[in-house]
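Contents: one structure, followed by commentary.
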Amino acid sequence: MELRYRREAVVGVLIVVAAAVFFYMMLWLRGKSLRGGETVRAAFADVAGLKEGDPVRTSGVKVGQVQHVELTAPGRVTVTFDVRLGPAPRRNASAAIKSLDFFGARYLEYQPGHAAEPLGADSVIQGSRAADFSEMAEGLSGQGQEFLGNATDLISPSTTRELRAVLVQAQRTLEQLGDAGNAPSAQLTAALGDLRRVAQRLDLVLANTTAPATATMQNMQQMTASAAQITQTLTRTTATLDSLMTKLNSGRGAAGQLLNDTTLIADIRRTNAALADLLTDVKANPGRYINVHIF
Numbered sequence: 018m019e020l021r022y023r024r025e026a027v028v029g030v031l032i033v034v035a036a037a038v039f040f041y042m043m044l045w046l047r048g049k050s051l052r053g054g055e056t057v058r059a060a061f062a063d064v065a066g067l068k069e070g071d072p073v074r075t076s077g078v079k080v081g082q083v084q085h086v087e088l089t090a091p092g093r094v095t096v097t098f099d100v101r102l103g104p105a106p107r108r109n110a111s112a113a114i115k116s117l118d119f120f121g122a123r124y125l126e127y128q129p130g131h132a133a134e135p136l137g138a139d140s141v142i143q144g145s146r147a148a149d150f151s152e153m154a155e156g157l158s159g160q161g162q163e164f165l166g167n168a169t170d171l172i173s174p175s176t177t178r179e180l181r182a183v184l185v186q187a188q189r190t191l192e193q194l195g196d197a198g199n200a201p202s203a204q205l206t207a208a209l210g211d212l213r214r215v216a217q218r219l220d221l222v223l224a225n226t227t228a229p230a231t232a233t234m235q236n237m238q239q240m241t242a243s244a245a246q247i248t249q250t251l252t253r254t255t256a257t258l259d260s261l262m263t264k265l266n267s268g269r270g271a272a273g274q275l276l277n278d279t280t281l282i283a284d285i286r287r288t289n290a291a292l293a294d295l296l297t298d299v300k301a302n303p304g305r306y307i308n309v310h311i312f
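Residue numbers (this note's numbering): 18 to 312.
In structure tokens form, the structure reads like this:
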């Protein structure tokens, strides 16, 4: 009897363990867990592609999963998800639906926030939805179609006719200007002809004589370098002249005193006057100054 009861007890324990394992596997397959966590609700205008069991990530790390998606009103969808890792959600927490791959899979990018106040139990955070790969491709396709449409309009027959008409009108206007008999028009036409001939000659020179053109460019570079040296020399000379003029204006040196000292000019005038008087007296009385004795 004891052996039979023991076997029944073992069978019962195995059944309970199998049921527990089966229950856990069912939860695991459905994306749920027995571990506790924070339950957060977020409101979205559109959750296309998001479904229950999709991962919830923070900075690339999976911290939970989507538990429930409910349409509360047109243009408003409430998504309930749990957060098992990371800090508790704060008042400024946010969530965004992002694309996981090219095949339409989605995940929820969750940011717990940094506010001092925690998120209330009945609070609903505002979510957003980032553009996925297909939407960006559609946008680029739309821009490409618009570009092709503009190009088609540009080369359409009507546009071609309008452009041809504009060119014909411009040609007629030029012919009228060329036929005008006034002198400015004739001079302008001659100048344009000379300019055209110079341009043609320049094209011939550039096309047939590459080496002379290169030498000319080198000579121009040398001339430019020489001009730069001359400019530097002129700059130094100008600086020297400025220094000299400064000294002259300040009255330093003989030249400065000559230019700025008015008394020196007066002394020179008095000296000249005295010298003139002396010469006059010498002419009038030479014997007073020159004595000649003949033995």
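Just so you know, even glycine gets a beta-carbon here, dropped at the ideal spot from N, CA and C.
Check Lys68 in the structure and name its three-state DSSP category. In this structure, Lys68 counts as coil in the three-state DSSP scheme.
Is the beta carbon of Thr75 closer than 8 Å to that of Tyr124? Using a Cβ distance threshold of 8 Å, Tyr124 and Thr75 do not count as a contacting pair.
Close Cβ partners of Pro17 (< 8 Å) along its chain, the five nearest in sequence each way excluded: Residue 17 is absent from the structure shown; the chain starts at 18 and stops at 312.
Let me confirm a value: Ile114 is counted as buried when at least 16 other C-beta atoms fall within 10 Å, else exposed. Which label applies? Result: buried.
Indicate the three-state DSSP secondary structure (helix, strand or coil) for Thr303 in the structure shown. Per the sequence shown, the amino acid found at residue 303 is Pro instead of Thr. Three-state result, Pro303: helix.
Measure from the alpha carbon of Val94 to the alpha carbon of each residue in Val64, Leu117, Ile285, Ala112, then state which is nearest. Closest by C-alpha distance to Val94, out of Val64, Leu117, Ile285, Ala112, is Val64.
How far does the beta strand (DSSP E) with Phe61 in it reach, from first residue to last? Taken as a continuous stretch (DSSP letters only), the beta strand (DSSP E) holding Phe61 covers 55-61.
Go through its chain and collect everything with a Cβ distance to Leu117's Cβ below 7 Å, but skip five positions before and after it. So the qualifying residues of the chain are Arg123, Tyr124.
What three-state label does DSSP hand Gly81 in the structure shown? The answer is strand: DSSP assigns Gly81 an E or B state.
May I ask you to report which of helix, strand or coil DSSP gives Phe39? The DSSP-derived three-state label of Phe39 is helix.
Could you have a look at Gly144 and say whether DSSP puts it in helix, strand or coil? Of the three classes helix, strand and coil, the one that applies to Gly144 here is strand, per DSSP.
Quick check on the burial criterion: 16 or more other C-beta atoms within 10 angstroms. Buried or exposed for Glu17? The requested residue 17 is not part of the displayed model; the chain covers only 18 to 312.
In this structure, how does DSSP classify Leu117 when only helix, strand and coil are distinguished? Coil.
Alpha carbon of Ala283 to alpha carbon of Leu296, nearest angstrom: Rounded to the nearest angstrom, the two C-alpha atoms are 20 Å apart.
Roughly how many whole angstroms lie between the Cα atoms of Leu258 and Arg218? In this model, Leu258 and Arg218 are separated by some 47 Å (Cα to Cα).
Who does Thr97 pair with in a DSSP beta bridge? Partner(s): Arg58, His85.
Three-state secondary structure (DSSP) of Arg24: Here Arg24 sits in helix by DSSP.
Residue range of the beta strand (DSSP E) that Leu125 falls in? Unbroken beta strand (DSSP E) run through Leu125: 123-128.
Per-residue DSSP class, three states only, for Arg181: Note: Arg181 maps to helix in three-state DSSP.
Mind checking whether Phe98 and Val78 have CB atoms under 8 Å apart? Taking 8 Å as the cut-off, the beta carbon of Phe98 is found no closer than this to the beta carbon of Val78.
Assuming Phe61 contacts Gly144 under a Cβ cut-off of 8 Å, what Cβ separation, rounded to an integer in Å, is found between them? About 4 Å; that satisfies the 8 Å criterion.
Out of Gly92, Ala291, Lys300, Val83, state which residue places its alpha-carbon closest to the alpha-carbon of Gly54. Comparing Cα-Cα distances from Gly54 to each of Gly92, Ala291, Lys300, Val83, the minimum goes to Val83.
On the DSSP bridge assignment, give the partners of Ala90 in chain order. In the DSSP output, where bridge partners are listed per residue, Ala90 has Arg93.
For a quick check, are the C-beta atoms of Ile142 and Val80 less than 8 Å apart? Not in contact: Ile142 and Val80 (Cβ atoms no closer than 8 Å).
Identify, in the order they occur along the chain, each residue of the same chain with its Cβ nearer than 8 Å to the Cβ of Pro135, setting aside the five sequence neighbours on each side. The beta carbon of Pro135 sits closer than 8 Å to those of Ala105, Pro106, Arg107, Arg108, all from its chain and outside the five residues before and after it, given in chain order.
Could you compute how far the alpha carbon of Leu292 sits from the alpha carbon of Ala256? Between Leu292 and Ala256, the C-alpha separation is close to 41 Å.
Can you name the residues that DSSP bridges to Ala17? Absent from the model: residue 17. The displayed extent of the chain is 18 to 312, so no value can be given.
Rounded straight-line distance, which links the Cα of Ala90 to that of Thr177: Distance between the alpha carbons of Thr177 and Ala90 is about 54 Å.
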